[in-house]
Amino acid sequence: MNRTFADTVFRNGRIYTSNRAQPWAACAAVKAGRFIAVGEERDVASLVGERTATVDLRGRMAMPGIVDIHNHIMMGGQADLYELRFSNADSVPRIAETLHKAASAAKPGAWIVGGQFGNNLLNEMNTAESCALLDAACLGHPVVLRDDTYHNRWASSAALRLAGVQADTPDPTDGEIGRDLKTGTLTGIMIEAASGLVERALAASGHYTPEMDRAAVARSIGVLNTYGVTAFIDAASMQPILAALKGLDDRGELTAWAVCAMPVVEPGFMFGKAGEELFALREDYRGAHVKPDYVKVFLDGVPGAKTAAFHEPYVADPVRGCCFRGATMLTVPDLIRWLGRCEKLGLAAKIHCAGDAAVTQALDAIDVVRSFNGSTHLVHQIAHASYIAPDDIKRFAELGVAADLSPIIWYPTVFLEAHKAAMGEERAQRFWPNKDLKEAGALMAGGSDWPVIPIPDPWQGIEGMVTRQNPTGDFPGKSLWAEQALDLATVIDIYTIDAARAAGLGQSIGSIEVGKSADLIVLDQMIFDIPQDQLADTRVEMTFFEGRKVYERGA
Amino acid sequence: MAAVDQIPVTVLTGFLGSGKTTVLNHLLRQPELNGVVAIINEFGEVALDHLLVESSEDRLALLDNGCICCSVREDLIETLADLASRRAAGTIPPFHRVLVETTGLADPVPVLHTLMTAPDVLSRYRIDGVVATVDAVNGARTLAAHSEAVRQIAVADRLLVTKTDVAADDELSRLDVRLAAINPVAARHHVRNGIVDPAKVLDAGLFDPAAHSADVVRWFDLAAQAANAPHHHVEHHCDDEDCGHHSHHAHNTDVSSYSLIIDEPIQREAFARWLDYVAALKGEDLLRFKAIVHVAEQPDAPVVVHGVQHVFHPPITLQGWPSADRRSRLVFIVRGIPRQIIENTLCKFAAVSRAAIRRSAA
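Sequence order for the protein chains is A and B.
In terms of the working numbering, the first sequence opens at residue -19 and continues consecutively.
In terms of the working numbering, the second sequence opens at residue 1243 and continues consecutively.
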């Protein structure tokens, strides 16, 4: 008799499956990277042959690999490997100090790339005094520092020179070149699209090579694996990123499912082909684990820099006056045209909407598209679904739109402080109506937006979604809109099966079920049995991707 | 904006071997064709003593709307602009009409897009109408095998069925049914030996703002009736082996047409927005759209709208209604756009109330 034996059997575990029909199991068997049995000892015993490897879970908890619905896969690794790091809580003088050390050690003329400074420092940095302080620390090197939203930059005078930015350079569309309010001189601050002027000069300098790109992406995915992440959406896939992912996959070195969202227009922080030109290359970069099946649309900026589009005005300031609400970068008809085109091409859209007016506009456009095109298997996402007009909450489910919950800031953070300054405390606090979305039936997916947050640790996000308090201990005793807390099982869904569905991979990953990819992680604690404020302490002991161990703690 | 001296342009299209050149040869010899410039893609055996003939070479330029199916003919823009300036300079005799013959294999849509959108062309010319020839003997086979041929029929205002003298009666009646299915709103004329009355080809007048409103409205009434007649959806069945049924592309057989009457004034802005959405999302499948619209803001001056795929002609305001019937009429020739979607979206985005939509012309 012809018998099928498993390649690997997991035994003696407390396996949470994210499968409602069979939430818990003790054992799971894997063959050719797929689960072939999930259940109790008796369900896998007959699948154990001579060559079957056994992983004894020794009573530990296991669960499906985590899906990160939103990150920038090249940047994290690039930052780790090639960039100057400092905290977004650092002051301007502290940053200058860090910069001075790095500049002293750098080769003559070399670029220094660093981040991320808190976006709450933008106003302070946008002065002649701060500029002089930072510039002195650079020792003549071209320097570009990114803020924690990744939308804005500080550039040294040498970098501005290389970028051809001068005192009389006009602001680009959707961007602003920082100038001291009193003297009018350049401060080095580059808001939104203005960042591109400096980033383009950096890209043109040949600072990064394809080998460096692959190494950066591999490093990033290695980091994700340590947190139990086995699938992600890269939220702005330009050609170098697609090439690095495909290059790794072809070499058998990719250890996570990579879904790629190709920008419809060149984003303000990455440069090269976008839109139709980039979509045309889609199949060149498709791999066994690389899925270039999403597009990225930027509808607005970020609240802290007052570039997000809101229904109600920001707090008045001397530059924007009393009634500034921000603006979207595309009109509804433009967005409709893009969505229509994408649906024809079988591409789903991830739409960046940081302000509530941008969310409304995206939903309006999707409403039009659904009315003409009928239902679709494509899952469009609203990214950073965080400030949402109450009337729009129910529309997510009605229109089949997924809420991309990222970055991990649904508890008090410096981001919230910047938002309070921009729009007043009361409105700023109505941030991340997760519970309302859940009760309205929205498909929700957890993401990091790494490196907008410096560490892509989903466990901080998981704890924060349950507690609405900062798991690092910052802002002690403070909660952000505590009524919007969710229960742990719901949150685990949001990070596994629901995120897989939102990424268009709900049939193949996201839960421990027969036929699905054997992406399984082993934890150091039974998360359903511990106090909520210990969830973020969870350590991943082992990460399996397609049944293959790709990370072991301490190994 | 309608200049009185806009020169009418008639587009003559038709598949290879459909008798287009024979028709053209005949037409060009008629006295009514004096003062006509013919722009032809394929030089036929034409005697052209009293005519100007320009050739044009099929250069396509993509329109900036992200869709490959939308393009304009740069060559045609240049030719038409050149003719107009030579006419103004007096280096060629004055002409009062242009006849554009498309190549047999050509999709006529880019020619129409050119005439509907190019500013230099729009300021001096207006589309008079689209005439398509179709061969009574081979027409059915051609339609089954070539989507371009279906499109030529779909966009036409007038259909000339040629070679009727050599076609069998049942062949001819089957073709008539098929043509009515693809485009029930085009007038159909049977032609023998290429002999066609110029009046059946010229002066369709649908884009003419100059007081043809009675004709236009009559046309819409007939169109509405035709489009709502039963069996207009193309269900092509064939009994014999070589009718080409097996080589159909699915999209060839999915062409249908319908019309709507809207019995209430329509808000201009809402309707424009709806048109914008239709063009953006369904343009590729909207083979031809025509409407006469009762605009709430100008109840005494109906507006005529023409669309070919993504591209809409600037709206034409007529000088008045010819009768007491002031209802809006919309005619669609589409590939797989359900009527329900049109009705639902009109209600949702064009501020039309459902109760005001009538399906039947009766």
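All residues carry an ideal CB built from backbone N, CA and C; glycine is no exception.
- Using a Cβ-Cβ distance cut-off of 8 Å, the region 403 to 416 of chain A and the region 98 to 113 of chain A are not in contact, since fewer than three pairs of beta carbons, one from each stretch, lie closer than that value.
- The region 220 to 235 of chain A makes contact with the region 192 to 212 of chain A: 3 or more CB pairs, one atom from each, lie closer than 8 Å.
- From the beta-carbon of B/L1572, no residue of chain A is found nearer than 8 Å; the closest lies around 16 Å away.
- Residue pairing by DSSP puts B/A1429 in a beta bridge opposite B/R1400.
- A/H357 is not a Cβ neighbour of A/V381, given a cutoff of 7 Å.
- By the Cβ-count criterion, A/M506 is exposed, with fewer than 16 other Cβ atoms from all chains shown falling within 10 Å of its own Cβ.
- Against chain A, the CB of B/K1524 has a partner CB under 7 Å away; the residue lies at that interface.
- DSSP, reduced to helix, strand and coil, places A/D513 within a helical segment of the structure shown.
- Contact with chain B is absent for A/S355, since none of that chain's Cβ atoms lies less than 7 Å from the residue's Cβ.
- At least one C-beta of chain B is nearer than 7 Å to the C-beta of A/V348.
- Listed in chain order, the non-local C-beta contacts of A/A143 below 8 Å within the same chain comprise A135, L177, V178, R180 and A181, local neighbours out to five positions each way being set aside.
- Within the same chain, and ignoring the five residues on either side of A/E323 in sequence, the residues whose Cβ sits closer than 8 Å to its Cβ are V349, N353, T356 and L358.
- Taking a C-beta distance under 7 Å as the contact criterion, A/G306 and A/A289 qualify as a contact pair.
- Annotated three-state conformation of A/N353 is helix, per DSSP.
- Chain A places a beta carbon closer than 7 Å to that of B/D1518, counting this residue as a contact.
- Flagged as an interface residue toward chain B: A/R317, by a C-beta distance shorter than 7 Å.
- Excluding the 5 residues flanking it on each side, A/G120 has same chain C-beta neighbours closer than 6 Å at A138, in chain order.
- With contacts defined by Cβ atoms closer than 7 Å, A/I92 and A/V123 form a contacting pair.
- Cβ contact annotation for A/G284 (same chain, cutoff 7 Å, sequence separation greater than five): N99, N100, T129, F395, A398, H399 and A402, in chain order.
- Rounded to whole angstroms, A/R(-6) and A/A6 show a C-alpha spacing of 5 Å.
- Sorting A/A422, A/D214, A/T163 and A/G57 by C-alpha distance to the C-alpha of A/A196 places A/G57 at the top.
- The distance from the Cβ of A/T167 to that of A/G158 is about 4 Å, consistent with a contact at the 8 Å cut-off.
- Judged by DSSP in its simplified three-state form, A/P243 adopts strand.
- For A/P243, none of the residues of chain B pass the 7 Å Cβ criterion, the least Cβ distance being about 15 Å.
- A/G57 has a beta carbon lying at 7 Å or more from every beta carbon in chain B.
- Around the beta carbon of A/G45, a 10 Å sphere encloses 16 or more other beta carbons of the protein chains shown; the residue is thus reported as buried.
- Residues of chain A whose Cβ lies closer than 8 Å to the Cβ of B/I1583 are, in chain order, S351, F352 and G354.
- Taking a Cβ-Cβ cut-off of 7 Å, B/K1262 has no neighbours in chain A, whose nearest Cβ is about 33 Å from it.
- For B/T1263, no beta strand (DSSP E) encloses it; the enclosing alpha helix (DSSP H) starts and ends at K1262 to L1270.
- B/T1587 has a beta carbon lying within less than 7 Å of a beta carbon in chain A.
- The criterion of a C-beta distance shorter than 7 Å is satisfied by A/V244 and A/W318.
- In the three-state scheme derived from DSSP, where H, G and I count as helix and E and B as strand, A/T167 is classed as strand.
- Nearest in C-alpha terms to A/L79, of all of A/P88, A/A69, A/G95 and A/G89, is A/G95.
- Here the alpha carbon of B/R1510 sits roughly 7 Å from the alpha carbon of B/A1538.
- Under the DSSP assignment, A/N51 falls in the beta strand (DSSP E) whose first and last residues are I46 to N51.
- B/P1273: not part of any beta strand (DSSP E); DSSP gives it neither H nor E.
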